[in-house]
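**Student:** Take any residue in the sequence shown, count from 1 to its spot, add 117: that is its number in my numbering. Cβ atoms here follow ideal geometry from the backbone N, Cα and C, with glycine treated the same way.
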Amino acid sequence: MTERELIKLEATIRKKMEDIRAQRVSLKDSGIGGLMNSLKKVDEALYEKILPDYKKMVAERKA
Numbered sequence: 118m119t120e121r122e123l124i125k126l127e128a129t130i131r132k133k134m135e136d137i138r139a140q141r142v143s144l145k146d147s148g149i150g151g152l153m154n155s156l157k158k159v160d161e162a163l164y165e166k167i168l169p170d171y172k173k174m175v176a177e178r179k180a
């Protein structure tokens, strides 16, 4: 994966997280889990950077 594709993947994940928080799309329907798994395979450091925010967002949606 190129650097440009990686930046685009990160932006897509962050946009989906924003949409989920604003309740524009459900956590399940967003497909964010698959994107996070793809990110983990490609860039573990970036995945670890985004993971705490992702976990917080999931906890907010489940509560």
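(1) What does the alpha-carbon distance come out to for the pair E165 and Y171?
(2) So, under 8 angstroms CB-CB, I124 and M134 are touching, yes? Tell me the CB distance rounded to an integer number of Å.
(3) At the level of alpha carbons, what is the spacing between E122 and K179?
(4) How far does the alpha helix (DSSP H) with V142 in it reach, from first residue to last?
(5) Can you have a look at L168 and say buried or exposed, based on whether 16 or more other CB atoms are within 10 angstroms of its CB?
**Tutor:** Judging by the given coordinates:
(1) As the crow flies, the alpha-carbon of E165 is around 10 angstroms from that of Y171.
(2) Going by Cβ atoms, the distance from I124 to M134 rounds to 16 angstroms, so no, they are not a contact pair.
(3) Going by the C-alpha atoms only, they are around 30 angstroms apart.
(4) From DSSP, V142 is part of no alpha helix (DSSP H); its letter is neither H nor E.
(5) Around the CB of L168, fewer than 16 other CB atoms lie within 10 Å, so the residue is classed as exposed.
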